[in-house]
RNA sequence: GGGCUCGUAGUGAAGCUGGCCUAUCACGCCUCCCUGUCACGGAGGAGAUCGCCGGUUCGAAUCCGGUCGGGCCCGCCA
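Numbering (the numbering used here), first residue to last: 1213 to 1646.
Right under this line is the structure:
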């Protein structure tokens, strides 16, 4: 029976069989060390028999091996155990040398990202890269667990749609059996419709943005977490939910994967269960006072203010996540609810200097919604929107929600410089493969 | 869409105010030595028409023009 590298402690003194990839060879003459990688990690195998070593001659990193050996406790070995008296069987010989380093950290300098992604298929086997995506996987697991626990139902909505979901971002157009369709840039309308079914829903799925942007923050295919919840008093209730989620997920990933985060040079986490909340007007005032730069005429927060307020709350209040409320009504989308003449019922969640999510209440009153659609130049009877309006005609409670990119979350948690580094096979204006 | 940048072995870098470049170093690869390595160490070796095209020049990796392919910032967006 196959034993995993991480379980070898339970088999000390016993014969075991492991299977994995040759990860590293170190030939010391009469003694050879090899590392074998499986899904549990690495294990060191000691080879003294020249015939066994000879089996690996000419074989490269990536060779798939089966090893039958005895587990020995050995303080000098990484992990405290190693395999002795090994008999090797080559399951898949690899003679091609790897195109990219697999044992030492890969360059993530922006000039080298192209090489990094060109060789992604093999480069992802590099343990530093693997860590990034293990952490990403854990983040989505924590998100799911938290939301399930709070009565949310996970849904899947179509990505081939008839019209643009929310205006704003550019959409990809494609031929759909002779008709024009677009790739969904957000599940926005569908998740609101689903509030009429489950009250609380969420989705983790790709969204497609055809923006001609070439920056460290943009990709054309993003993985979005979208949340929507019904029967709320106002958007502050959604803020509470998002705050609980983000606090839980962040503290948990630092608790359970602190070592990996450290080895990836992730910044320390400074966070409290209650995130500070300021209005944008207050932030303008505080920023202007602290820096002498007058931003009182700005409507939205400037990028510098976003950085500043996160630094400020981190230092002064011990929390690098902060809500900015009072989004100006002029920046409101047609499905948002107005708060008063000047502001929308909405807040931005800022973390480590950037906006990671917008948290609005939706306009759930049919008449108001139709009016706001018309004001935005959208025909409520058009194929992309008529079904959305129908849901409201048949009763949607007050509701609100939010969404954020899993890619950017992973990037920010680890402290990566480019969102693409947090994506297995990133898609941008220049890249469609691998 | 606008601006600014970069392109040298499989990988990462140096050289780039022209000649000492027959292009340097590190990782990786090949051969040999090495019984506790873990970024193993040591000796030797192979591997690059310096993105491509053209120009200037006695001479171009180096200067100029074009071209192709990247990157970063702004706008837009998340």
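Virtual Cβ for every residue (Gly too), placed ideally from N, Cα, C.
CB contact flag (residue 1521, residue 1483, <8 Å) | Counting from one through the first chain, the residue named residue 1521 turns up at place 309. Counting from one through the first chain, the residue named residue 1483 turns up at place 271. Their beta carbons are not under 8 Å apart, which means residue 1521 does not touch residue 1483 by this criterion.
Simplified DSSP state of residue 1330, which is helix, strand or coil = Within the first chain, residue 1330 is the residue found at index 118, counting from 1. Residue 1330 falls in the helix class under three-state DSSP.
Complete beta strand (DSSP E) runs within the segment 1409-1477 (minimum length 3 residues, chain order) = 1412-1420, 1433-1442
Would you kindly report the start and end of the unbroken beta strand (DSSP E) that includes residue 1255?
-> Taking the first chain and counting its residues from 1, one reaches residue 1255 at position 43. Its beta strand (DSSP E) spans residues 1253-1259.
Quickly, what does DSSP pair residue 1229 with across the bridge? List them, please.
-> Here residue 1229 is taken as the residue at index 17 of the first chain, counted from 1. 1214, 1280, per the DSSP bridge assignment.
Got a sec? Which residues, its chain only, sit under 7 Å from residue 1274 by beta carbon, not counting five neighbours each side?
-> The count along the first chain starts at 1 and reaches residue 1274 at position 62. So the qualifying residues of the chain are 1233, 1234, 1306, 1310.
In this structure, does DSSP put residue 1484 in helix, strand or coil?
-> Residue numbering aside, residue 1484 sits at position 272 when the first chain is read from its first letter. Residue 1484 falls in the coil class under three-state DSSP.
State yes or no: is the C-beta of residue 1549 within less than 8 Å of the C-beta of residue 1557?
-> Locating residue 1549 in the first chain gives position 337, where the first residue counts as 1. Locating residue 1557 in the first chain gives position 345, where the first residue counts as 1. For residue 1549 and residue 1557, yes; Cβs fall inside 8 Å.
Would the beta-carbon of residue 1244 fall within 8 Å of that of residue 1259?
-> By one-based count along the first chain, residue 1244 stands at place 32. By one-based count along the first chain, residue 1259 stands at place 47. It is a contact, given that the beta carbons lie within the stated cut-off.
Among the residues of its own chain, which have a CB less than 7 Å from the CB of residue 1529, if the five just before and after it don't count?
-> By one-based count along the first chain, residue 1529 stands at place 317. These residues qualify, in order along the chain: 1488.
Do the segment 1621-1630 and the segment 1334-1351 touch if we need at least three Cβ pairs shorter than 8 Å?
-> yes
Take residue 1368 and list the residues in its own chain whose beta-carbon comes closer than 8 Å to its own, dropping the five residues that flank it on each side.
-> For the purposes of this step, residue 1368 is taken as residue 156 along the first chain, with counting starting at 1. Here the set comprises 1415, 1417.
With DSSP run on the structure shown, which of helix, strand or coil describes residue 1584?
-> Walking along the first chain from the start, residue 1584 turns up at place 372. Helix, per DSSP.
Do the segment 1572-1585 and the segment 1384-1397 meet, that is, are 3 or more Cβ pairs less than 8 Å apart?
-> no
Residues that DSSP places opposite residue 1383 in a beta bridge | Taking the first residue of the first chain as position 1, residue 1383 is located at position 171. DSSP lists no partner for residue 1383.
With 16 other Cβ atoms within 10 Å as the buried cut-off, status of residue 1569 = On the first chain, residue 1569 is found 357 positions in, with the first residue counted as 1. Looking at its Cβ environment, which holds 16 or more other Cβ atoms inside 10 Å, residue 1569 is buried.
Does DSSP put residue 1271 in a helix, in a strand, or in coil?
-> As a first step, residue 1271 is located in the first chain; it is residue number 59 there, counting from the start. DSSP places residue 1271 in coil when its eight states are reduced to three.
Terminal residues of the continuous beta strand (DSSP E) containing residue 1574?
-> Taking the first chain and counting its residues from 1, one reaches residue 1574 at position 362. Looking at the DSSP string, residue 1574 is not in any beta strand (DSSP E), and its letter there is neither H nor E.
Write down every uninterrupted run of the alpha helix (DSSP H) in the segment 1489-1517 whose length is 4 residues or greater and which is fully enclosed by it, in chain order.
-> 1492-1503
Once you ignore the five residues that flank residue 1614 on each side, which residues in its own chain have a CB closer than 7 Å to its CB?
-> Start at 1 with the first residue of the first chain, and residue 1614 comes out as number 402. Excluding sequence neighbours, residue 1614 sits near 1439, 1450, 1454, 1569, 1570, 1571.
Which of the three DSSP states, helix, strand or coil, is assigned to residue 1240?
-> Taking the first residue of the first chain as position 1, residue 1240 is located at position 28. Residue 1240 falls in the coil class under three-state DSSP.
With distances taken from CA atoms, which of 1490, 1475, 1470 is nearest residue 1481?
-> Along the first chain, one-based indexing puts residue 1481 at 269. Of the candidates 1490, 1475, 1470, the one whose C-alpha sits nearest the C-alpha of residue 1481 is 1470.
Any idea if residue 1525 is buried or exposed, counting beta-carbon neighbours within 10 angstroms, 16 or more meaning buried?
-> Against the first chain, residue 1525 aligns to sequence position 313. Buried.
Can you give me the Cβ contacts of residue 1585 inside the same chain, cut-off strictly under 6 Å, excluding the 5 residues immediately before and after it?
-> Looking up residue 1585 in the first chain gives position 373. Same-chain partners within the cutoff: 1546, 1592.
For residue 1643: DSSP bridge partner residues | Here residue 1643 corresponds to residue number 431 of the first chain, with the count starting at 1. Its beta-bridge partners are 1640.
To the nearest whole angstrom, what separates the beta carbons of residue 1325 and residue 1630, a pair I think is in contact under 8 Å?
-> For the purposes of this step, residue 1325 is taken as the residue at position 113 of the first chain. For the purposes of this step, residue 1630 is taken as the residue at position 418 of the first chain. Yes, residue 1325 and residue 1630 are in contact; Cβ-Cβ is about 6 Å, under 8 Å.
Quick one: using the 10 Å Cβ neighbour count with 16 as the cut-off for buried, is residue 1511 buried or exposed?
-> Reading the first chain from its first residue, position 299 is the one you call residue 1511. Looking at its Cβ environment, which holds fewer than 16 other Cβ atoms inside 10 Å, residue 1511 is exposed.
Three-way DSSP call (helix, strand, coil) for residue 1373 in this model = In the first chain, counting from the first residue as 1, residue 1373 sits at position 161. Looking at residue 1373 - three-state DSSP - the assignment turns out to be strand.
Residues sharing a beta bridge with residue 1388, DSSP = Mapped onto the first chain, residue 1388 falls at position 176. Residue 1388 pairs with 1391.
Can you pull the DSSP bridge partners for residue 1295?
-> The residue you call residue 1295 lines up with position 83 of the first chain. The partner list for residue 1295 (beta bridge, DSSP) reads 1257, 1283.
Per-residue DSSP class, three states only, for residue 1620 = Here residue 1620 refers to the residue found at position 408 of the first chain. Helix, per DSSP.
May I ask you to report which of helix, strand or coil DSSP gives residue 1626?
-> Mapped onto the first chain, residue 1626 falls at position 414. Reduced to three states, the DSSP call for residue 1626 is helix.
Tell me whether residue 1588 is buried or exposed, calling it buried when 16 or more other Cβ atoms sit within 10 Å of its Cβ.
-> Here residue 1588 refers to the residue found at position 376 of the first chain. So residue 1588 counts as exposed.
In the DSSP assignment, find the beta strand (DSSP E) that holds residue 1537 and state where it starts and stops.
-> To locate residue 1537, count along the first chain from 1; it is residue 325. Per DSSP, residue 1537 belongs to the beta strand (DSSP E) from 1533-1537.
With residue 1598 as the anchor, note down where its alpha helix (DSSP H) starts and where it stops.
-> Numbered from its first residue, the first chain carries residue 1598 at position 386. That run of the alpha helix (DSSP H) goes 1598-1605.
Counting along the chain, where does the beta strand (DSSP E) carrying residue 1562 start and finish?
-> Looking up residue 1562 in the first chain gives position 350. Counting along the chain, the beta strand (DSSP E) containing residue 1562 begins and ends at 1558-1563.
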